[in-house]
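**Student:**
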Amino acid sequence: MKNMFYLIEKCTIGFEDMLNADLKMSNVVEVRSAVAKYTMDCICSCAFGVESNTMAQKENNPFRFMADVIFESSRYRGFKIICRAAWPSIFYGLGFKLFPKTIDRFFFNLLTGVYESRGYKPSPRNDFVDLLLNFKTEDYITGDCLSNTKTGEENRVKLKVSDEMLIAQSVMFFSAGFETSATTTSFTLYELAKHPEIQKRAAEEVDEFMRRHNNKLVYDCVTELPYLEACMYETLRMYPVIGNLTREVMVDYVLPTGLKLDAGVRVHIPVIDMHYNPEYFPEPHKYNPERFMPGNKENINPNTYFAFGSGPRLCIGCGSQRCK
433 MKNMFYLIEK
443 CTIGFEDMLN
453 ADLKMSNVVE
463 VRSAVAKYTM
473 DCICSCAFGV
483 ESNTMAQKEN
493 NPFRFMADVI
503 FESSRYRGFK
513 IICRAAWPSI
523 FYGLGFKLFP
533 KTIDRFFFNL
543 LTGVYESRGY
553 KPSPRNDFVD
563 LLLNFKTEDY
573 ITGDCLSNTK
583 TGEENRVKLK
593 VSDEMLIAQS
603 VMFFSAGFET
613 SATTTSFTLY
623 ELAKHPEIQK
633 RAAEEVDEFM
643 RRHNNKLVYD
653 CVTELPYLEA
663 CMYETLRMYP
673 VIGNLTREVM
683 VDYVLPTGLK
693 LDAGVRVHIP
703 VIDMHYNPEY
713 FPEPHKYNPE
723 RFMPGNKENI
733 NPNTYFAFGS
743 GPRLCIGCGS
753 QRCK
């Protein structure tokens, strides 16, 4: 992320320009939409090496259209999601897919265009596309088996690389990269607006950081703005982007209560319930960034806070979220 921070800074300047232009038209700004345009420009630039121009191009933007398709909300879509979760083998066996073919075609053409512009060779950017280009040079990729984390064994998983797999990873990276960041940022701004004293302290911290760095935004902001970061973590506690986590039991396990979980069983972890449990977070309905400040955050049980998931499948976008 440090190597690509200048791209996020460039998008941030564009975000300021967009807000200034919108404020000339009206003193009311629809924050969720504005932030989503910013995060989409960030993910397209950092991950795919393309300029989506979402903030500049108000209408007929193909990236916004793809986002609308991916996050379509309808009864039929909800029915498919439930069927896929309950009967995945039947769902795919009958030829159903969560996303229409337009998504596959769009990202296939996008990746092909970027591949050709780079001569099918990784670039110094070290972005997501470079990772995919490295994969394309191999017929198979290997990695640790998830069960290794429990058994201590060194089993390796071998996975065949295909265009379909790379497209699927691109769709996931694109959708997770902008939607979750936009949601978290919007809720953070909402809570800061509700709590002027917290907003003032966060703003003063940012102002002091800018003074130390000659009014320039640098990568060190990721580690030198502890209170602003605490605000983000508290937002993720109160408004987790995923309400529950699904994991598969890798080995037989017996809970302290005597309940046995067999290998292969899916376990659903109620994230919201954990985050609002007063046993873990006193006054859970109170927005209190102090929970995550140095000296306090060390007292939080790591198995009660799942803003970015946990374990080998920890969210790959947590670093990107902090930068934005």
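The opening residue of the sequence shown carries number 433 in my numbering; numbering runs sequentially from there.
Virtual Cβ for every residue (Gly too), placed ideally from N, Cα, C.
The model shown is predicted, which means the values in this text are computed figures rather than measured ones.
Select from Ile513, Ser555, Val638 and Thr574 the residue whose C-alpha is nearest the C-alpha of Glu652.
**Tutor:** The identity of residue 652 in the sequence shown is Asp, whereas the question assumes Glu. The shortest Cα separation from Asp652 among Ile513, Ser555, Val638 and Thr574 belongs to Val638.
**Student:** Just the Cα atoms here: how many angstroms apart are Thr534 and Pro494?
**Tutor:** 11 Å
**Student:** Go to Glu680, then tell me how far its beta strand (DSSP E) extends in each direction, as first and last residue.
**Tutor:** Looking at the DSSP string, the run of the beta strand (DSSP E) that includes Glu680 is Asn676 to Glu680.
**Student:** Which stretch, first to last residue, makes up the beta strand (DSSP E) that contains Leu657?
**Tutor:** Element bounds for Leu657: n/a, residue is neither H nor E.
**Student:** Considering only DSSP beta bridges, list what His700 is partnered with.
**Tutor:** Thr678
**Student:** Measure the alpha-carbon distance for Glu483 versus Asp473 and round it to whole angstroms.
**Tutor:** 7 Å
**Student:** Counting beta carbon pairs with one atom in the segment 665 to 680 and one in the segment 706 to 721, are three or more of them shorter than 8 Å?
**Tutor:** yes
**Student:** Quick check on the burial criterion: 16 or more other C-beta atoms within 10 angstroms. Buried or exposed for Ile513?
**Tutor:** exposed
**Student:** Where does the unbroken beta strand (DSSP E) through Lys529 begin, and where does it stop?
**Tutor:** It is not in any beta strand (DSSP E) - Lys529 carries neither H nor E in the DSSP assignment.
**Student:** Please report the distance separating the alpha-carbon of Met436 from that of Ser477.
**Tutor:** 9 Å
**Student:** Count the other CB atoms, across all protein chains shown, that sit within 10 Å of the CB of Asp559; report buried if there are 16 or more and exposed otherwise.
**Tutor:** buried
**Student:** Mind checking Asn647: buried by the 16 CB within 10 Å criterion, or exposed?
**Tutor:** That one is exposed.
**Student:** With burial defined as no fewer than 16 other Cβ atoms inside 10 Å of the residue's Cβ, what is the status of Ile630: buried or exposed?
**Tutor:** buried
**Student:** Counting C-beta neighbours from all protein chains within 10 Å, is the total for Tyr438 16 or more, i.e. buried, or is it exposed?
**Tutor:** In summary, Tyr438 is exposed, with fewer than 16 beta-carbon neighbours lying within 10 Å of its beta-carbon over all protein chains present.
**Student:** According to the neighbour-count rule (16 or more other Cβ atoms, all chains shown, within 10 Å of its Cβ), is Ser594 buried or exposed?
**Tutor:** exposed
**Student:** Taking Leu591 as part of the beta strand (DSSP E), name the residues at either end of that continuous run.
**Tutor:** Arg588 to Lys592
**Student:** Quick check: what's the CA-CA separation for Pro405 versus Tyr719?
**Tutor:** Nothing about residue 405 can be reported from this structure: the residues present for the chain run from 433 to 756 only.
**Student:** From the DSSP output, in three-state form, read off Tyr665 for me.
**Tutor:** helix
**Student:** Considering only residues of the same chain and omitting the five flanking positions on each side of Glu441, which have a CB-CB separation below 7 Å?
**Tutor:** Leu649
**Student:** Can you tell me which of the three DSSP states Ala757 falls into?
**Tutor:** Look at the range of the chain in this structure, 433 to 756, and you will see that residue 757 is not part of it.
**Student:** So, under 8 Å CB-CB, Tyr659 and Met725 are touching, yes? Tell me the CB distance rounded to an integer number of Å.
**Tutor:** 7 Å
**Student:** Ala488: which of Arg537, Leu563 and Asn452 sits nearest, CA to CA?
**Tutor:** Asn452
**Student:** Provide the residue(s) that pair with Gly741 in DSSP beta bridges, ordered along the chain.
**Tutor:** Ala739
**Student:** Looking at the secondary structure, which residues open and close the alpha helix (DSSP H) in which Lys469 lies?
**Tutor:** Element bounds for Lys469: Val463 to Ile475.
**Student:** Give the single residue among Ser555, Lys590 and Asn566 whose Cα lies nearest to the Cα of Tyr572.
**Tutor:** Comparing Cα positions, the closest option is Lys590.
**Student:** So what does Ile573 bridge to, in DSSP terms?
**Tutor:** Leu591
**Student:** Between which two residues does the alpha helix (DSSP H) carrying Glu491 extend?
**Tutor:** It is not in any alpha helix (DSSP H) - Glu491 carries neither H nor E in the DSSP assignment.
**Student:** Just tell me which of Leu677, Arg698 and Phe619 has its CA closest to the CA of Asp684.
**Tutor:** Per the Cα distances, Arg698.
**Student:** Using the C-alpha atoms, what's the distance from Ala466 back to Thr617?
**Tutor:** Rounded to the nearest whole angstrom, the C-alpha separation of Thr617 and Ala466 is 11 Å.
**Student:** If you compare alpha carbons, which of Thr678, Glu722 and Met682 is closest to Ala518?
**Tutor:** Thr678
**Student:** In whole angstroms, give me the CA-to-CA distance for Ala662 and Phe738.
**Tutor:** 15 Å
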